[in-house]
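Sequence order for the protein chains is A and B.
For reference, each letter of the first sequence is one residue, going 1 to 305 in my numbering.
For reference, each letter of the second sequence is one residue, going 306 to 545 in my numbering.
Where a beta carbon is used, it is the ideal one built from N, C-alpha and C, also for glycine.
The structure displayed is predicted, hence computed values, not measured ones.
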Amino acid sequence: MTVYVKFGYTLLGLLIVLNWGFLMGATFRKIGARVAGRYGIPFYQPWLNLLKNISTRTTITHGVMYYIGPVFRLTGGVGLFLFMPMVFTGDPAGLWTNYSFEGDLILILYFQVFGMLGMALGAGQGGHPYSAMGIARGLAQHAAVELPLTLAFLSIAIQYDTFSVYKIVEAQQGGMMNWVLFTNPFAAVTIILAMLGAMGHSPFNLVKAPNEILIGPATEFEGTYLGFMQSAGSILHVMEAVLFMNLVFGGATSWIELIVKTFLIYFWSVFVGMVFPRFKIEQSVTWFFKVPLLLGFLAIIIYSF
Amino acid sequence: MSEKDMNYKVSQMLKRSETNVSNAKKSFVRPEDEEREVVAPDGSIMKVNPIYDYFSGKRPEEEKPKNGIVEKFLNWARAESIWVLGFGTGCGSIEIPPLVTPRFDMFRFGVQMRPTPRQSNAFIISGYLSVKTLKRVIRTYEQMPSPKYILALGSCTINGGMYYDSYSTINRLDKYIPVDVYIAGCMPRPEALLAGFMKLKELIKAGKAEKANEYARNFDEYKANQKKIIKDWNMPDYNW
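Here it is as structure tokens:
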């Protein structure tokens, strides 16, 4: 298999992920509408929004970092994709394992933060006071989410003695009882709870909720920049679901399995979002520092001895 | 630079500004926002113009639509994805919230609310418009990315409605900003507003909703009308 074939498959995978992300986003809005008794948006609305946004005729710029911010965010999403094994085929250099390598778990942790930081830098250059407040809230919540997540990741890494996502998936093959969900329940529960924050749906969506006075970091972004950020957001959503699927739910052996599992993982955050109203930032930060963080510590302590 | 020199420069500047004030023609900005010279910490004199930022002051330009089928395709996307700015100007704004409820549900037509002008392309002028609000409306309208559309809700925007002889409201909205769709009534019900959106969609798909370009083309005329009625102008001529 040549380098080009691998590259082609990676691009194709990215295209699938992007479109699946849009479709999942629309599904979330649709489910929300049905819960509220409305008909809701058409399922193809995100594509139309993207088209509309990239076809605006005026674009205002606020400087170099304003350009680079959305690019950073997209880099975070695409980076997460590039180093994540998507479909487990039994061959470490298989077609859908992308460019995963030993130690990619650390890189993936880094890329999760990267997108957020890019957005903070870009929005900071916008100069809008609401952007700055949005960033402060966003980063505070993100830090509170990352801490339990990192502890759970480390616990899983200690459990399987590897930092390679591919090897963690490989170790979980051969039946449901091999999943981290059952072999390391504390880490699994930590991830399942912290995931709600990482997905950024209600009750943890104050940062970017359009109905708040502060729309957050995205206040000043419009047109193509916003289109970029929408695409990046969709990719990030899917990739985070894939990450949790790989770490906790045994990975996927085919695209269909991947789509079913990521949808169920995504649906978990949608389900919680439909039931619970929005948290204030201090409430959500306190919550993440209470339950998931303690469980994360427990997961680390158990596997350290 | 010595203190003496500094004092001399400042006194010279003050003198100049006094003579300027006496000769100046009528200005639309507050004195503290006037263009003036200031002495920097290192003693150099520089010009500042507080109300103009990097992009303000540049006139809007007409932006030509793309050719044929490409523009038709983009117009279809624009028509199916209308983002409305959440800015209620008058009593008509109470008719907008029902649109997101199960009974009317504007989301199924691709209409959504956005909280910032940078991300919205439709603006509902909901009812009467006081002169004070008109200033904010102009400022907000100009910040929206083109192509942008205006829906004028209620008879107050057409001829002043029941406020036709009020000292503080305007009578005809399209003297100040270009309007795409009028929705008549006092008040129009949410169904009428939905019908207005449908009409706007038709116009966009037919390529006839090019009022942002019309605004750029007749910029001087619109500005003259706006400045005639807004006494405390105090903002750049075009707000990017």
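Taking just the CA atoms, how far does residue j sit from residue i?
i               : j               : result
I191 of chain A : I41 of chain A  : 31 Å
I235 of chain A : G21 of chain A  : 6 Å
T97 of chain A  : G13 of chain A  : 10 Å
G124 of chain A : I156 of chain A : 36 Å
F163 of chain A : A33 of chain A  : 41 Å
A209 of chain A : G115 of chain A : 18 Å
A457 of chain B : K516 of chain B : 13 Å
R419 of chain B : G391 of chain B : 6 Å
Y266 of chain A : M503 of chain B : 34 Å
G227 of chain A : L379 of chain B : 14 Å
M84 of chain A  : P92 of chain A  : 12 Å
R383 of chain B : E526 of chain B : 28 Å
I31 of chain A  : G174 of chain A : 34 Å
R512 of chain B : K52 of chain A  : This sequence places Gly at residue 512 of chain B; Arg is not what is there. Roughly 15 Å between the two C-alpha positions.
Y303 of chain A : A152 of chain A : 11 Å
L95 of chain A  : I158 of chain A : 28 Å
V207 of chain A : H201 of chain A : 10 Å
R444 of chain B : P336 of chain B : 20 Å
V375 of chain B : W381 of chain B : 10 Å
M86 of chain A  : A218 of chain A : 30 Å
A171 of chain A : K510 of chain B : 55 Å
N19 of chain A  : D347 of chain B : 57 Å
D537 of chain B : Y67 of chain A  : 35 Å
Y99 of chain A  : V248 of chain A : 21 Å
K440 of chain B : V334 of chain B : 13 Å
F414 of chain B : R73 of chain A  : 30 Å
M351 of chain B : T150 of chain A : 52 Å
L499 of chain B : D479 of chain B : 21 Å
G76 of chain A  : E240 of chain A : 11 Å
P70 of chain A  : S349 of chain B : 39 Å
S473 of chain B : I399 of chain B : 21 Å
K309 of chain B : P355 of chain B : 28 Å
K533 of chain B : I430 of chain B : 20 Å
N476 of chain B : N464 of chain B : 5 Å
M317 of chain A : M24 of chain A  : In this structure chain A extends from 1 to 305, so residue 317 of chain A is not present and cannot be described.
N372 of chain B : L15 of chain A  : 28 Å
Leaving out the 5 sequence neighbours to the left and right, which residues in its chain are closer than 8 Å to residue i when beta-carbon positions are compared?
i               : result
V315 of chain B : V344
M322 of chain A : Any answer about residue 322 of chain A is impossible in this case: the structure gives chain A only from 1 up to 305.
E367 of chain B : N518, A521, R522
R29 of chain A  : G40, I41, Q45
T56 of chain A  : E222, G223, T224
Y9 of chain A   : L95, W96
Rounded C-beta distance between residue i and residue j? I'm assuming under 8 Å.
i               : j               : result
L109 of chain A : V165 of chain A : Not confirmed; about 11 Å, so no contact.
L50 of chain A  : S231 of chain A : 7 Å
V238 of chain A : V17 of chain A  : 5 Å
F288 of chain A : V113 of chain A : No, F288 of chain A and V113 of chain A are not in contact; Cβ-Cβ is about 15 Å, not under 8 Å.
T462 of chain B : Y487 of chain B : 7 Å
G466 of chain B : P493 of chain B : No, G466 of chain B and P493 of chain B are not in contact; Cβ-Cβ is about 11 Å, not under 8 Å.
V291 of chain A : L193 of chain A : 6 Å
H62 of chain A  : G103 of chain A : With a Cβ gap of about 37 Å, H62 of chain A and G103 of chain A do not count as contacting.
P407 of chain B : A36 of chain A  : 6 Å
N539 of chain B : D338 of chain B : 6 Å
A26 of chain A  : F43 of chain A  : 5 Å
D410 of chain B : R38 of chain A  : 4 Å
Q11 of chain A  : P148 of chain A : The sequence given here has Leu at residue 11 of chain A, not Gln. Not confirmed; about 34 Å, so no contact.
Spatial neighbours of residue i within its chain, please: CB distance less than 6 Å, with the 5 preceding and 5 following residues excluded, ordered by chain position.
i               : result
A514 of chain B : Y454, D485, L508
F88 of chain A  : V169, G251, T253
M199 of chain A : S269
M177 of chain A : none
Mind listing the chain E neighbours of residue i? Cutoff is C-beta to C-beta under 8 Å, in chain order.
i              : result
S55 of chain A : Among the protein chains in the structure shown, which are A and B, there is no chain E.
Identify, in the order they occur along the chain, each residue of the same chain with its Cβ nearer than 7 Å to the Cβ of residue i, setting aside the five sequence neighbours on each side.
i               : result
L196 of chain A : F204, S269, V272
K167 of chain A : Y160
K506 of chain B : A384
R278 of chain A : S202, P203, N205, L206, A209
V416 of chain B : I387, V389, F502
- Query: Is the stretch 443-453 of chain B touching the stretch 418-428 of chain B, taking contact as three or more C-beta pairs under 8 Å?
  - Reply: yes
- Message: Would the stretch 107-121 of chain A count as touching the stretch 253-266 of chain A if we require 3 or more Cβ pairs under 8 Å?
- Response: no
- Query: Curious, which full-length alpha helix (DSSP H) runs of at least 4 residues does the stretch 179-246 of chain A contain?
  - Reply: 180-183, 185-199
- Query: Are there three or more Cβ pairs, one per stretch, closer than 8 Å when the stretch 395-411 of chain B is compared with the stretch 427-445 of chain B?
  - Reply: yes
- Message: With a threshold of 8 Å, are at least 3 pairs of Cβ atoms found where one atom belongs to the stretch 79-86 of chain A and the other to the stretch 126-136 of chain A?
- Response: no
- Message: Tell me whether the stretch 173-190 of chain A and the stretch 287-303 of chain A touch, counting them as touching only if at least three CB pairs, one residue from each stretch, are closer than 8 Å.
- Response: yes
- Query: What are the uninterrupted segments assigned as beta strand (DSSP E) that are 3 or more residues long and contained completely in the stretch 441-505 of chain B, given in chain order?
  - Reply: Here the runs fully enclosed are 454-458, 486-488.
- Message: In chain order, what are the residue ranges of uninterrupted alpha helix (DSSP H) at least 4 long that sit wholly in the stretch 350-394 of chain B?
- Response: 373-385
- Whole alpha helix (DSSP H) runs in the stretch 45-74 of chain A with 4 or more residues, listed along the chain? 45-54
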